[in-house]
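Notes to accompany the following structure.
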Amino acid sequence: MLQALSYDLAHLIGATVLMAGFALLYQRRLGAVLNTFSFQALALAAAAAWQAHIQHAPHLYVSAGIALVFKAMIVPVALHWLVERLGIHRTVETALSIGWTMIIGVALVALSILLVLPVTAKAAALTRESLALAMSVVLLGMLMMITRRNAVTQVVGFMALENGLILAAVSAKGMPLVVEISVAFSVLVAMTLFGIFFFRIRERFDSLDLNYIETFRGDRQ
Amino acid sequence: MMSDSVLWQMVQIVLALVTAPVLTGYVRWLKARLNGRRGASVLQPYRDLYRLAQKEAVVAHSASWIFRAAPYVVFAAAWLAACLIPTFTTDIFLGPAADLIALVALLAVGRFWLALAGMDVGTAFGGIGASREMLIASLAEPAMLMVTFSLSLVSGTTQPAQIVAFVLGGNVGIEVSLGLALAAMVMVAIAENGRIPIDNPSTHLELTMVHEAMVLEYSGRHLAMIEAAAMVKLTLYMGLIACLFAPWGMAQPGAGWDGIVLGMASFAAKLWVLATALAVFEAGIAKMRVFRYADFLGGALLLGLLATIFLYVSEAV
């Protein structure tokens, strides 16, 4: 009974992370996107803490802490600040309509389930489901990077993708802590670099719409 | 026993009708309080219905018999649907007569007649209201069916009473699918009842109204019927959510008086919680643009779809 409950709860928290991924696709406004991302990171921290509890692996609490402090607080606050500084807190343009994005998202979830379940036939049930969920989150992050034109939302898509990786890492037993810490710091460094790039891009093109860059590169005439 | 179930069915038929206005009145009162107004008494909807029923019904020259019949059909469909859902006990006579799919169909009948009546007189508002209502329905109905499917995949039946028995039997743990289905169901309920952010039940602004646009030509007892039908429908959806996702406290067949009293008390408590949540949600959110309905309801449909997909994951493990 207790086993079933801990399993259900882990499943539920994983699904919350996935739902936050869908909510990211649904949002149009930058502020709402950042808040949703913060919520996703919060759910991720909860997932890591719960896994730490049921796997009796104290180092996962550190992962939960990293997710909570860096991804749920520092990154969203920094991005909010950036958006405010750049004066682009109005709207988000989508390259594809929200409805189509969501439909593709559901197809991706189905795909990752179809892919993960046969491959991991011998793994424990908990790991399999978490892997399916984590892979869906990764794919949704990629989808977000593809469908959005604004540089800030693309970065949020990248971070959401990384959330999915962490979700996969905490649900598999025996992930060394040093890997997670280094991933967390590299994400932070990446965000700093992105921040600098935002300013550079805007200086050059007067916009963060990446369409302009495609034209500039010669991809589009 | 047979006679018991008939008795409880009678009680429920009356209960559905009597509680509906006070529930609507409570939502309006709480919303007014949250908006910083004093708000009318929770009994105001009864007075409104009484006043409308006293008044003469004015019918446009161009109206056909459809216009006159529609209020009664709409009301009858809503009332009948409200009688079919277990509220305080699952031991109701008409319970086995209809499952969730029949319920969806019954609600569709009411909606169809309302849209017909909206177009019957031939005014522009009636037409625009009817077309929007159908837009909402075409998305909300499949979402509701997806919810039904995922529930019936979990419990192996589409009968509300048997789903309740299944859940109360402790056969269901914390299921992701049920959470997703609940979210989808709440979104459908918001859309179907014309609440904010889809439609504003108290608006008469031309560009935004949906339900009000269809019933603009009605007056007197016809309007009273339509208003009562809307109130019953709100109660029906709250009862349905409470029945499918939080059936605790509901009396089972063979329960004594204490079980029935407990069932009534828990039903009242659930309605209170849901109505409060609705009022708080409505007070805190702005109405959506018409062009975004598809995104909102498409989201509900996809949540229902995901609920079904996750069920297959759990099956496969």
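Those protein sequence lines, which keep their order, are chains A and B.
For what it's worth, the numbering used here labels the leading residue of the first sequence as 97, then goes sequentially.
For what it's worth, the numbering used here labels the leading residue of the second sequence as -16, then goes sequentially.
Think of the CB as a built atom: it goes at the ideal place given N, C-alpha and C, for glycine as much as any other residue.
Owing to the predicted nature of the structure, the values given are computational and were not obtained by experimental measurement.
Notebook entry, point to check: So is residue 73 of chain B buried or exposed if we call it buried at 16+ other beta carbons inside 10 Å?
Noted result: The residue labelled residue 73 of chain B in the question sits at position 90 within the second sequence. The residue is buried, with at least 16 neighbouring Cβ atoms inside 10 Å.
Notebook entry, point to check: Which residue from A/120, A/107 and A/100 puts its Cα closest to that of residue 237 of chain A?
Noted result: Stepping through the first sequence from its first residue, residue 237 of chain A is reached at position 141. Residue A/120 is the option with its Cα nearest to residue 237 of chain A.
Notebook entry, point to check: Considering only C-alpha positions, which residue in the set B/7, B/57, B/108 and B/209 is nearest to residue 91 of chain B?
Noted result: Position 108 of the second sequence holds residue 91 of chain B. Looking at the Cα atoms, B/57 is the closest of the given residues.
Check: Taking the Cβ atom as the reference point for each residue, do residue 232 of chain A and residue 208 of chain A lie within a distance shorter than 7 Å?
Finding: Residue 232 of chain A sits at position 136 when you count from the first residue of the first sequence. Residue 208 of chain A sits at position 112 when you count from the first residue of the first sequence. Remark: C-beta atoms of residue 232 of chain A and residue 208 of chain A approach each other more closely than 7 Å.
Note to self: Is there a C-beta anywhere in chain B that falls below 7 Å from the one on residue 117 of chain A?
What the structure shows: Indexing the first sequence from 1 puts residue 117 of chain A at position 21. No - not a single Cβ of chain B is within 7 Å of the one on residue 117 of chain A.
Checklist line | residue 296 of chain B: contacting residues in chain A (beta-carbon distance under 8 Å) | finding: On the second sequence, position 313 is the one that residue 296 of chain B refers to. Those within 8 Å of residue 296 of chain B in chain A are 209, 213, 225 and 228.
Checklist line | Residue from B/168, B/273 and B/117 with nearest C-alpha to residue 180 of chain B | finding: Taking the first residue of the second sequence as 1, we reach residue 180 of chain B at position 197. The shortest C-alpha separation from residue 180 of chain B is found at B/273.
Item checked: residue 16 of chain B - DSSP class collapsed to helix/strand/coil -> Position 33 of the second sequence, counting from 1, holds the residue named residue 16 of chain B. Helix at residue 16 of chain B.
Item checked: Sequence-distant residues of the same chain with beta carbon closer than 7 Å to residue 247 of chain A, five excluded per side -> In the first sequence, residue 247 of chain A corresponds to position 151, counting from 1. The residues are 294, 297, 304 and 306.
Check: Can the beta-carbon of residue 122 of chain B be found closer than 7 Å to that of residue 280 of chain B?
Finding: Translated into positions along the second sequence, residue 122 of chain B becomes position 139. Translated into positions along the second sequence, residue 280 of chain B becomes position 297. Residue 280 of chain B sits close to residue 122 of chain B, with the two beta carbons spaced by under 7 Å.
Notebook entry, point to check: Between the region 100 to 117 of chain A and chain B, which residues of the former have CB atoms less than 9 Å from a CB of the latter, in chain order?
Noted result: 100, 101, 103, 104, 105, 107, 108, 110, 111, 112, 114 and 115
Check: In chain A, which residues lie with their C-beta within 7 Å of the C-beta of residue 159 of chain B?
Finding: Here residue 159 of chain B refers to the residue found at position 176 of the second sequence. Simply 107, 108 and 111.
Checklist line | Reduced DSSP secondary structure (H/G/I, E/B, other) of residue 154 of chain B | finding: Position 171 of the second sequence, counting from 1, holds the residue named residue 154 of chain B. The answer is coil: DSSP assigns residue 154 of chain B none of H, G, I, E or B.
Note to self: Using a Cβ-Cβ distance cut-off of 7 Å, determine whether residue 119 of chain B contacts chain A.
What the structure shows: Numbered from its first residue, the second sequence carries residue 119 of chain B at position 136. Chain A contact via Cβ: absent.
Item checked: Within 7 Å, strictly: CB atoms of residue 14 of chain B and residue 265 of chain B -> As a working note, residue 14 of chain B is residue 31 in the second sequence. As a working note, residue 265 of chain B is residue 282 in the second sequence. The answer is yes: Cβ separation under 7 Å.
Margin query: From the DSSP secondary-structure annotation, give me the bridge partner or partners of residue 72 of chain B.
Written below: The residue you call residue 72 of chain B lines up with position 89 of the second sequence. In DSSP, residue 72 of chain B forms a bridge with B/234.
Note to self: For residue 136 of chain A and residue 116 of chain A, I'd like the C-alpha separation in whole angstroms.
What the structure shows: Position 40 of the first sequence, counted from the first residue, corresponds to residue 136 of chain A. Position 20 of the first sequence, counted from the first residue, corresponds to residue 116 of chain A. Taking the straight line joining both Cα atoms gives about 5 Å.
Check: Using a C-beta cutoff of 7 Å, does residue 202 of chain A count as contacting chain B?
Finding: Looking up residue 202 of chain A in the first sequence gives position 106. When Cβ-Cβ separations below 7 Å define contact, residue 202 of chain A makes contact with chain B.
Next item on the list: Could you spell out the range, first to last residue, of the alpha helix (DSSP H) harbouring residue 51 of chain B?
Entry: The residue labelled residue 51 of chain B in the question sits at position 68 within the second sequence. Where residue 51 of chain B is concerned, the enclosing alpha helix (DSSP H) stretches over 48 to 67.
Item checked: Per DSSP, cross-strand counterpart(s) of residue 305 of chain A -> The residue you call residue 305 of chain A lines up with position 209 of the first sequence. BP columns for residue 305 of chain A point to A/246.
Checklist line | Span of the alpha helix (DSSP H), counted from its first residue to its last, around residue 24 of chain B | finding: Numbered from 1 along the second sequence, position 41 holds the residue referred to as residue 24 of chain B. From DSSP, residue 24 of chain B is part of no alpha helix (DSSP H); its letter is neither H nor E.
Notebook entry, point to check: Quick one, which of B/196, B/238 and B/3 has its alpha-carbon nearest residue 115 of chain B's?
Noted result: Along the second sequence, one-based indexing puts residue 115 of chain B at 132. Nearest C-alpha to residue 115 of chain B: B/196.
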